[in-house]
Amino acid sequence: MKLIKRLFIAGFLLIALVVGIGLYSIDKLARVGIEKGATFALGVPTTLADFKLGIFAGTVGLHELDIANPEGFTDRNFMQLADARLAVSLATLSSDRIVVPEFKLTGINLNLERRMTGSNYTQIIENLDRLSSPAADDDKKPDEQSGGKHFVISNVVIEDINVKVNMIPLGGKITSVPVAIPRIELHDLGTDSDNGLAMAELSGIIMKALLESVVVHAGGLLPPEIAGELKNGLESLAALGEVPIKLVGDVTTLVGGEVVKVAEVGADVIKTLHTGTVKATEDIGKGVKKVGDDIGEGFQKTGEELGKGLQGTTEGLKKGVDDLGKGMGDLFKPKDKTSDDGGDDSKNGLGGIGDLFKPKEKKPDDAPK
Numbered sequence: 077m078k079l080i081k082r083l084f085i086a087g088f089l090l091i092a093l094v095v096g097i098g099l100y101s102i103d104k105l106a107r108v109g110i111e112k113g114a115t116f117a118l119g120v121p122t123t124l125a126d127f128k129l130g131i132f133a134g135t136v137g138l139h140e141l142d143i144a145n146p147e148g149f150t151d152r153n154f155m156q157l158a159d160a161r162l163a164v165s166l167a168t169l170s171s172d173r174i175v176v177p178e179f180k181l182t183g184i185n186l187n188l189e190r191r192m193t194g195s196n197y198t199q200i201i202e203n204l205d206r207l208s209s210p211a212a213d214d215d216k217k218p219d220e221q222s223g224g225k226h227f228v229i230s231n232v233v234i235e236d237i238n239v240k241v242n243m244i245p246l247g248g249k250i251t252s253v254p255v256a257i258p259r260i261e262l263h264d265l266g267t268d269s270d271n272g273l274a275m276a277e278l279s280g281i282i283m284k285a286l287l288e289s290v291v292v293h294a295g296g297l298l299p300p301e302i303a304g305e306l307k308n309g310l311e312s313l314a315a316l317g318e319v320p321i322k323l324v325g326d327v328t329t330l331v332g333g334e335v336v337k338v339a340e341v342g343a344d345v346i347k348t349l350h351t352g353t354v355k356a357t358e359d360i361g362k363g364v365k366k367v368g369d370d371i372g373e374g375f376q377k378t379g380e381e382l383g384k385g386l387q388g389t390t391e392g393l394k395k396g397v398d399d400l401g402k403g404m405g406d407l408f409k410p411k412d413k414t415s416d417d418g419g420d421d422s423k424n425g426l427g428g429i430g431d432l433f434k435p436k437e438k439k440p441d442d443a444p445k
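Quick note: the sequence shown uses the numbering used here, first residue 77, plus one each step.
Below, the structure is given as structure tokens:
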């Protein structure tokens with residue numbers, strides 16, 4: 077009896093170990109699949125801190141998903157997701173087509189930034205556009221990036237969305253607009269496809285829905301340049317499909333440190349915000365013009381000083397040549413004869429170079445005898 081009991085315990089522990097290893101492998105593979113699928117869709121590194129599969133409860137938990145910002149922008153991340161939960165159908169969990177009754181995402185921080193050199197959301201949208209482009213690399217198709225898994229999702233709920241919109245002109249005043257969206261809902265994702273949606277496609281649809289919600293429900297608050305770019309960019313993503321977005325609750329912003337419904341923000345406040353943006357842009361233009369004028373004046377002053385210097389140098393050289401010519405003239409000038417008063421004629425200079433080569437006169441004493 078003891079032997080049977082021990083064998084039973086050993087068998088149970090072995091099964092538990094195998095299941096544990098299997099779940100760990102599934103967790104790791106699923107986490108890598110999510111990271112690769114989102115990275116492919118968005119074109120920037122995406123990391124997932126934790127993935128938990130509750131195989132008996134039929135749930136999947138995601139924690140701390142970070143989507144990096146394109147290079148050259150202020151914030152480290154373009155988007156952060158605190159938590160997500162999927163209720164999955166156990167019967168389809170091991171298949172390539174996973175049925176998800178509900179996918180709930182909570183706690184999203186989205187950073188939209190526009191500089192004089194470009195915007196981070198434009199780069200993300202351009203990367204999303206590759207999903208529908210036939211020119212996409214054949215060796216990096218979305219379904220391969222997500223490990224072959226596809227999803228059919230009945231309901232997607234996204235709650236607690238906080239958007240920070242920054243317009244940062246070069247050397248100008250920063251225009252910052254905070255927007256809070258309480259909840260949006262999407263329905264029937266992948267139901268019109270036999271295979272469902274690959275992870276990359278699902279990532280693209282959710283990102284498009286977030287950006288579209290900002291434009292539709294808070295576009296009037298945004299600087300015109302940002303609102304226009306977002307609208308035009310989203311129109312290029314028509315191939316991802318037109319998924320209806322349901323807003324639940326009131327979109328809010330901060331005015332004077334107080335939370336205000338966007339629908340109740342007065343036109344004067346919006347005008348002041350946009351005027352500040354325009355003024356910042358004008359200040360940049362004035363600053364650039366002043367720099368250009370200063371550079372021009374600097375070149376002009378340098379040129380004038382250089383001209384004066386060259387003129388002075390030329391006059392100095394001319395005077396030096398004249399002095400040299402005069403000196404040479406004196407050097408070759410014949411020496412004056414000694415004056416009658418016996419004065420020293422050395423004051424007349426060298427006496428002429430010709431005298432140096434003149435034959436010496438013979439004295440009477442030297443005459444031949």
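For every residue, glycine included, the Cβ atom is placed at its ideal position computed from N, Cα and C.
Taking all protein chains shown into account, do 16 or more other C-beta atoms lie within 10 angstroms of the C-beta of residue i, making it buried, or fewer, making it exposed?
| i | result |
| --- | --- |
| Leu-407 | Because Leu-407 carries a pLDDT of 49, less than 50, the predicted location of this residue cannot be relied on, and the following value inherits that uncertainty. Result: exposed. |
| Gly-280 | buried |
| Ile-229 | buried |
| Leu-124 | buried |
| Lys-284 | buried |
| Lys-322 | exposed |
| Pro-177 | exposed |
| Gly-266 | buried |
| Asn-308 | exposed |
| Phe-149 | buried |
| Lys-337 | exposed |
| Phe-106 | The sequence as given places Ala at residue 106; Phe does not occur at that position. Buried, since its Cβ has 16 or more Cβ neighbours within 10 Å. |
| Phe-127 | buried |
| Ile-110 | buried |
| Phe-132 | exposed |
| Val-255 | buried |
| Leu-166 | exposed |
| Ser-252 | exposed |
| Ser-170 | exposed |
| Leu-138 | buried |
| Pro-146 | buried |
| Gly-332 | exposed |
| Val-164 | buried |
| Leu-162 | buried |
| Leu-129 | buried |
| Leu-207 | buried |
Any idea which residues DSSP pairs residue i with across the strands?
| i | result |
| --- | --- |
| Phe-127 | Leu-138 |
| Met-243 | Arg-190, Thr-251 |
| Thr-329 | Val-255, Val-336 |
| His-226 | Arg-173, Ala-274 |
| Glu-235 | Thr-182, Arg-259 |
| Ile-143 | Thr-122, Met-155 |
| Arg-161 | Gly-137, Lys-180 |
| Lys-322 | Glu-261 |
| Ser-195 | Arg-190 |
Would you please state the rounded distance, in angstroms, between the beta carbons of residue i and residue j? I believe it to be under 8 Å.
| i | j | result |
| --- | --- | --- |
| Ile-200 | Leu-118 | 6 Å |
| Ala-315 | Gly-113 | Between Gly-113 and Ala-315 the Cβ distance is about 17 Å, and since that is not below 8 Å, they are no contact. |
| Val-232 | Ile-282 | 7 Å |
| Thr-182 | Asp-159 | 5 Å |
| Leu-313 | Leu-186 | About 16 Å separates the two Cβ atoms, so there is no contact after all. |
| Leu-310 | Leu-287 | 6 Å |
| Thr-122 | Leu-141 | 7 Å |
| Leu-306 | Val-290 | 7 Å |
| Ile-244 | Glu-202 | With 8 Å as the limit, Ile-244 and Glu-202 do not qualify as a contact, their Cβ atoms being about 20 Å apart. |
| Ile-143 | Val-108 | Not a contact, Cβ separation roughly 16 Å. |
| Asn-242 | Ile-250 | 6 Å |
| Lys-225 | Asp-172 | 6 Å |
Indicate whether at least one CB of chain C lies closer than 7 Å to the CB of residue i.
| i | result |
| --- | --- |
| Phe-132 | Absent from the structure: chain C. Only one protein chain is present. |
Original post:
Any chance the region 294-307 sits against the region 264-280, with 3 or more Cβ pairs inside 8 Å?
Top reply: The region 294-307 vs the region 264-280: no contact.
**OP:** Could you say if the region 145-163 and the region 191-205 meet the contact criterion of at least three C-beta pairs nearer than 8 Å?
**Re:** yes
Original post:
Taking one C-beta from the region 256-263 and one from the region 300-310 each time, how about it: are there three or more such pairs within less than 8 Å?
Top reply: no
**OP:** Determine, using beta-carbon pairs with one atom in the region 231-240 and one in the region 332-343, whether at least three such pairs fall under 8 Å.
**Re:** No, because fewer than three Cβ pairs between the region 231-240 and the region 332-343 fall closer than 8 Å, the two stretches do not touch.
Original post:
At which residue ranges does the region 282-321 contain complete beta strand (DSSP E) runs of 3 or more residues, listed in the order of the chain?
Top reply: none
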